[in-house]
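To start, the structure itself, in structure tokens.
Written out as structure tokens, the structure is:
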């Protein structure tokens, strides 16, 4: 019951924050000079029609006052899910439809990256913690420092240069098309997946190692050993489980956070995903897309935060999130 | 009781006061006092990797400061010049190391027989070899030779056609006579050049439609122009020119093609880029990091980009430090409802994705206040939140302690308590987190400029991200263009991470090893 209340409270605050942020974005974007519809030639009537329907202009093409536009926006876009049509990139096409079509590559890329990095990160972390202060640990720790610090686009360039150009193991850019589960598509995604995972693997390794070494030196582990459990048993049954408490929320947070963090990787490997759409919408000044994607990134950021906090409480009932002293 | 006798009659002079003339009291320490920062510095110096990182950062900062001031060459200064010689995509070359065959501006390539002859002809005409070394050769199934050679990028760009005014033409002639360096090479009889290759200034020999030299008796056959007016060329001539012996010989090579009438006469000449470079800029071309696709020197350009990034990052760090400290101090010190409200405000603000903020600020402000201030505002808008929460935690930690109570009892006002008593105690943590803003800002800035959301590129200004974005298209053919900016930013991020770890451990020994 306590948890339920906490979750509701957080969710309500998240909605509130989201609402404020998106309202600010909306007003700031609408204050920008709008591109006149005449510029789009034959698609003009279509765009004008949609603008009327969106409540941006009235039947005669005159702008409606900003606050009225805002009310229309809340009713039609936030509640009704109609985000208007693209006015520069895919002229006349529905924004939300295109956004939905661009989502699968991004999500898939991140799912692969996660599938790749969770076992590797945890594995290296556990190994380093068990071999603490031996050469294996030093090698892993040095690599972690390197991988955590070097910007992800630098790996992307290195991977693209060596794996794609020099040794020609993978195609240079990701395949286009919508057959996401073919072998060739998977192969073409692999460089991007590797580039995306390296930093995440390093992050997980570092965190797991830190948590596990802390648990491994605790008293109850000593007790477990004196009871007669082997080292493997204590590590697997006692230490690992307890060290998972802070690691698991981190995995969830990372999974959600990574969706917005792959703008550059998507750009380098030509992934036809949301990141590319966002960058293109800015360069083409397609405000409807920009508003929609801002809402998307905002909600992802907020949701990641909340999920991390909530999952702490669910995984370890001893932690009571948001409790007073 | 026999012993007692021994103790009687001890002469009084045997007794003396230990320190009769010295006052016994508190003594000053002989050792030097070690302050908070000196102590932190001592601990920092014990951490080898952090010290190395600090030195690397120092070198990078010095590079960014000194190179744009002192390292400017006549070439990199000429960037805004209209007659700027675009000497593009040269490979990195160091004059000292090139003697040992490394870092010498060459690349190893597989070339065909035709290419081999073409390059050999270029080398023969100019006297500076293009193919510096043939590593291996083989014959393919069609009986053609294939060569694997080292090609010098500085000489392989060869000649260019340029239209000069009379003044420039005379000035180059004078330079040639003074130095003996041949800049202008004889004009070519255009009728003998295949029409598709007319723009190729490197052709001075009989060739087929594809530009492959056609040999005559095993030698290149020149097609220099021997008719027409070249405006009384009276400077150094190339070897084999009949004009050397008799400057009025009708068979002498002509060095320019004259167009225009007598009022605005212009000379179309074949210039050798390498020597033209010496003429224009006064030294032999040699670029430590090579040049990019626009012919800009990467070494100086990267330094000015780095300088921009450093200035931006440090400014933002200072502003954020100030804002965050004030905000966090108020939150942490007053607590309660004030804290709650302010926390919610910063929660909402931190929910705005940085990309969105940066874009909105660019769209709204870039035209009014300029691109850089708009970027600065975007960084400041959400950047202080991290510092504020650090400061808030520190204030919560210290505000309940006894020495604060004591100071309050003595009548200290809130402001004095906050900034005289609590703030100095949390200074170490705050410094560490504000130092760590710098690499974060540089990373975000390079990402934004790389993606093209922010455009900082101009002839006088650049940023590391812009250089990355420009080099990206030449990743396969000229990786050096992207390599040096990448190396710079990677080195910087690694060093700052290690440096930050060292700072944290030094200021806060209790946290030592908490996350490494």
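Protein chains in written order, with the working numbering: chain Z, 43 to 367; chain C, 39 to 554.
Quick reminder that beta carbons are idealized off the backbone N, C-alpha and C, glycines included.
Fair warning: this is a prediction, and the values are worked out from it, not measured in the lab.
May I ask which residues mark the beginning and end of the alpha helix (DSSP H) holding residue i?
i, result
"residue 506 of chain C", "502-510"
"residue 83 of chain C", "74-84"
"residue 364 of chain C", "336-372"
"residue 539 of chain C", "518-545"
"residue 398 of chain C", "392-407"
"residue 347 of chain Z", "329-357"
"residue 109 of chain Z", "108-115"
"residue 266 of chain Z", "261-269"
"residue 239 of chain Z", "225-258"
"residue 318 of chain Z", "316-325"
"residue 489 of chain C", "475-489"
"residue 211 of chain Z", "Looking at the DSSP string, residue 211 of chain Z is not in any alpha helix (DSSP H), and its letter there is neither H nor E."
"residue 437 of chain C", "Here residue 437 of chain C belongs to no alpha helix (DSSP H), and DSSP marks it neither H nor E."
"residue 115 of chain C", "112-115"
Considering Cα atoms alone, identify which of the options is closest to residue i.
i, options, result
"residue 529 of chain C", "Z/316, Z/187, Z/151", "Z/187"
"residue 555 of chain C", "Z/333, Z/143, Z/75", "This structure gives no information on residue 555 of chain C, because the portion of chain C shown stretches from 39 to 554."
"residue 535 of chain C", "C/397, C/107, C/478", "C/478"
"residue 366 of chain C", "C/454, C/422, C/111, C/357", "C/422"
"residue 169 of chain C", "C/130, C/196, C/182", "C/196"
"residue 275 of chain Z", "Z/285, Z/286, Z/263", "Z/263"
"residue 145 of chain C", "C/85, C/182, C/134, C/194", "C/194"
"residue 481 of chain C", "C/417, C/328, C/287", "C/417"
"residue 221 of chain Z", "Z/163, Z/146, Z/75", "Z/146"
"residue 87 of chain C", "C/227, C/159, C/538", "C/538"
"residue 341 of chain Z", "Z/321, Z/326, Z/298, Z/319", "Z/298"
"residue 511 of chain C", "C/288, C/501, C/488", "C/488"
"residue 51 of chain Z", "Z/71, Z/360, Z/144, Z/351", "Z/351"
"residue 125 of chain Z", "Z/73, Z/151, Z/105, Z/98", "Z/98"
"residue 243 of chain C", "C/419, C/155, C/190", "C/155"
"residue 109 of chain Z", "Z/250, Z/70, Z/208, Z/102", "Z/70"
"residue 356 of chain Z", "Z/287, Z/223, Z/331, Z/338", "Z/287"
"residue 89 of chain Z", "Z/360, Z/339, Z/330", "Z/330"
"residue 300 of chain C", "C/445, C/204, C/101, C/139", "C/204"
With DSSP as the reference, please indicate the residues paired to residue i in a beta bridge.
i, result
"residue 313 of chain C", "Looking at the DSSP assignment, residue 313 of chain C forms no beta bridge with any residue, so it has no partner."
"residue 289 of chain C", "The partner list for residue 289 of chain C (beta bridge, DSSP) is empty, contrary to what the question assumes."
"residue 175 of chain Z", "Note: residue 175 of chain Z sits in no beta bridge, so no partner."
"residue 295 of chain C", "C/306"
"residue 127 of chain Z", "Z/136"
"residue 451 of chain C", "Bridge partners of residue 451 of chain C: none, in fact."
"residue 257 of chain C", "C/254"
"residue 223 of chain C", "C/308"
"residue 262 of chain C", "C/226"
"residue 243 of chain C", "C/260"
"residue 99 of chain Z", "Z/105"
"residue 329 of chain C", "C/335"
My assumption, with CB atoms under 8 Å, is that residue i sits in contact with residue j. Please give the rounded CB distance.
i, j, result
"residue 67 of chain Z", "residue 394 of chain C", "7 Å"
"residue 304 of chain Z", "residue 317 of chain Z", "6 Å"
"residue 382 of chain C", "residue 470 of chain C", "That pair is no contact at about 27 Å."
"residue 215 of chain C", "residue 305 of chain C", "With 8 Å as the limit, residue 215 of chain C and residue 305 of chain C do not qualify as a contact, their Cβ atoms being about 17 Å apart."
"residue 490 of chain C", "residue 325 of chain Z", "6 Å"
"residue 241 of chain C", "residue 307 of chain C", "With 8 Å as the limit, residue 241 of chain C and residue 307 of chain C do not qualify as a contact, their Cβ atoms being about 15 Å apart."
"residue 126 of chain C", "residue 333 of chain C", "4 Å"
"residue 347 of chain C", "residue 533 of chain C", "Not really, about 14 Å apart at Cβ, beyond 8 Å."
Hey, quick one: how far does the beta strand (DSSP E) through residue i stretch, first residue to last?
i, result
"residue 177 of chain C", "169-177"
"residue 46 of chain Z", "Unbroken run through residue 46 of chain Z is the alpha helix (DSSP H), 44-72; no beta strand (DSSP E)."
"residue 145 of chain C", "144-150"
"residue 190 of chain C", "183-190"
"residue 197 of chain C", "197-203"
Find the residues of chain B that neighbour residue i, judging by a C-beta separation of less than 7 Å, and give them in chain order.
i, result
"residue 199 of chain Z", "Note that chain B does not occur in the displayed structure, where the protein chains are Z and C."
Given 8 Å as the limit, is there contact between the segment 345-354 of chain Z and the segment 171-191 of chain Z, that is, 3 or more CB pairs closer than that?
Taking one beta carbon from each stretch, the segment 345-354 of chain Z and the segment 171-191 of chain Z have fewer than 3 pairs nearer than 8 Å; the two do not touch.
### Message
So, does the segment 241-256 of chain Z touch the segment 150-168 of chain Z, judging by three or more C-beta pairs under 8 Å?
### Response
Yes: the two stretches touch, three or more of their Cβ pairs being nearer than 8 Å.
Quiz prompt | Contact the segment 256-273 of chain C vs the segment 334-349 of chain C: 3+ CB pairs below 8 Å | solution = Taking 8 Å as the limit for Cβ pairs, the verdict is that the segment 334-349 of chain C does not touch the segment 256-273 of chain C.
For this session: Count the C-beta pairs between the segment 210-230 of chain C and the segment 272-281 of chain C that are closer than 8 Å, then say yes if the count reaches three, no if not.
Result: Output reads yes: the segment 272-281 of chain C touches the segment 210-230 of chain C.
The segment 185-202 of chain Z contacting the segment 277-289 of chain Z, beta-carbon criterion three pairs below 8 Å:
Output reads no: the segment 277-289 of chain Z does not touch the segment 185-202 of chain Z.
Worksheet entry | Three CB pairs or more closer than 8 Å across the segment 318-337 of chain C and the segment 71-86 of chain C | The answer is no - the segment 71-86 of chain C does not touch the segment 318-337 of chain C, with fewer than three Cβ pairs under 8 Å.
### Task
Examine the Cβ distances between the segment 427-439 of chain C and the segment 459-467 of chain C and report whether three or more of them are shorter than 8 Å.
These segments touch.
On the three-pair Cβ rule with 8 Å, is the segment 204-223 of chain Z touching the segment 157-164 of chain Z?
No, because fewer than three Cβ pairs between the segment 204-223 of chain Z and the segment 157-164 of chain Z fall closer than 8 Å, the two stretches do not touch.
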